[in-house]
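With my numbering applied, the sequence shown corresponds to residues 913 to 1214, in that order.
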Amino acid sequence: MLRKKSKRHFYIVTVIMVLLVIWTAWSNTTVGITHYTVASDRLPASFDHYSIVVVSDLHNAEFGENNSQLIKLIEKEKPDIIVITGDLVDSNKTNIDIAQKLVGTLTGIAPCYYVTGNHEAWLGEQYQELESILLDEGVAILHDRAVQLIKNTESIQLAGLDDPDFTDRAPLQQSMIKTKINNMNLTDNYCVLLSHRPEAFEDYVSENIDLVLSGHAHGGQFRLPIIGGIVAPNQGLFPKYDAGIYSENYTTMVVSIRMCCPAFPTFASRCPPAAEKPSSPAAPSGLCLTHCRLPRLRRWCG
């Protein structure tokens, strides 16, 4: 009897392990998108259904020749803008040519905005080469600054933070984030902030940022069904902000799942048809976010 139970347990464990292996293999090779709608009564009516594609933590990965698979997904979504929230390249295996070919195509689809991640900070002097190429390709780089996005006669703010690893004063990184936001002299208009670091969520909340688009956590360096992320950079075990939408007070943050083999926030698609949304005239306007989901590399790349 005990032998039969032992065999049964062995078979169950074996099946579970096989399913996990299959799921891991699938998640490491599949590129997809996740759609989000973020509604706010602070959002101007002109920006209702405004579409943003978010690309985060690509780490020099390619999906198809010259990233043709990824580009096709983004083109299909017909975004108003495309934002890249850091770690476009990998400091351990830097290939700027891959990044150049990708952004050269993306800027032909929609205006592109970019903020740095920790891997750009780790490039050292080579970062200047990357920045020069991005600028030549028409990418707007948000170095601790904000720009106005205008539609019809209305506008919202799009702000961006450089990654804290560009400074050596690690103990001051979190306070520096708040200082940088204050120095942007943001107006009372709705604000979308691009920042690579989700672990600074409380700082974004304290600064009353409306919407934060982030990455870095990779959905957890190791991620299991139901359980979610097991570990994430700068958050450790069972990270609080690994992937998805987080809200506190008046601030919403969307954290992308990494694309490098593989945003969570990737804003790239249109909102559902109006018939599928609340029809009340009092319903707030909503931004449409599409996140490109990329496979996760099974290594600690941060």
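Backbone N, C-alpha and C define an ideal beta-carbon position, used for all residues, glycine too.
Keep in mind that this is a model prediction, so the values were computed, not measured.
With 16 as the cutoff for other CB atoms within 10 Å, does residue i come out buried or exposed?
i: Q1069; result: buried
i: G1127; result: buried
i: L1084; result: With a pLDDT of only 47 at L1084, under the threshold of 50, the placement of this residue in the model should not be trusted; the figure read from the coordinates follows. L1084 should be labelled exposed.
i: M1165; result: buried
i: K1005; result: exposed
i: M929; result: exposed
i: S1159; result: exposed
i: E1111; result: buried
i: T946; result: buried
i: N979; result: buried
i: A1187; result: Caution applies to A1187, whose pLDDT of 24 falls short of 50 and renders its modelled position unreliable; the model cannot decide the point.
i: S1044; result: exposed
i: R1210; result: The pLDDT assigned to R1210 is 30, lower than 50, so where the model puts this residue is not dependable; a value taken from the coordinates is nonetheless given after this. Burial call: exposed.
i: R920; result: exposed
i: I924; result: exposed
i: D1009; result: exposed
i: V1167; result: buried
Restricting to Cα atoms, I'd like to know which of the options is closest to residue i.
i: P956; options: G1127, T926, N1101, V927; result: N1101
i: I996; options: S1159, S1044, L1014; result: L1014
i: H1031; options: L1042, C1024, A1022, I928; result: L1042
i: L1046; options: V1001, H947, S1168, Q981; result: V1001
i: I964; options: K1090, K990, H971, S1044; result: K990
i: S1118; options: T1163, E1037, P1110; result: T1163
i: D953; options: Y1158, Y1026, L1123; result: L1123
i: N1007; options: K988, L1035, I924; result: L1035
i: I1089; options: F1113, T1099, Y948, R920; result: F1113
i: Q1012; options: N1064, E974, T949; result: E974
i: Q981; options: N1094, S1107, G944, M1096; result: G944
i: L1125; options: Y948, Y923, D1048; result: Y948
i: D1075; options: E1037, D1009, K1063, L1054; result: L1054
i: E987; options: F922, I1010, T1017, N1064; result: T1017
i: C1024; options: E977, V1059, E1037, S1003; result: V1059
i: E1037; options: S1003, Y1116, L985; result: S1003
i: T1091; options: H1108, R1109, Y1116; result: Y1116
Just to confirm, are residue i and residue j a CB contact at a threshold of 9 Å?
i: D999; j: S968; result: yes
i: T1028; j: G1050; result: no
i: A1022; j: I994; result: yes
i: C1103; j: A1071; result: yes
i: H971; j: C1200; result: no
i: Y1026; j: A1033; result: no
i: I1093; j: L1073; result: yes
i: I1157; j: V966; result: no
i: F886; j: L1098; result: Given a span of 913 to 1214 for the chain in the structure shown, any question on residue 886 remains unanswerable.
i: D1048; j: N1095; result: no
i: N1064; j: N1120; result: no
Tell me residue i's beta-bridge partners as DSSP assigns them.
i: Q1069; result: Q1060, C1103
i: T1163; result: E1160
i: V930; result: V930 pairs with nothing; no bridge assigned.
Of all the beta strand (DSSP E) runs that stay within the bounds of the stretch 1086–1134, which reach a length of 3 or more residues?
1103–1106, 1123–1126
Could you pull out every unbroken alpha helix (DSSP H) segment of at least 4 residues lying fully inside the stretch 997–1068, listed in chain order?
1008–1018, 1030–1033, 1038–1048
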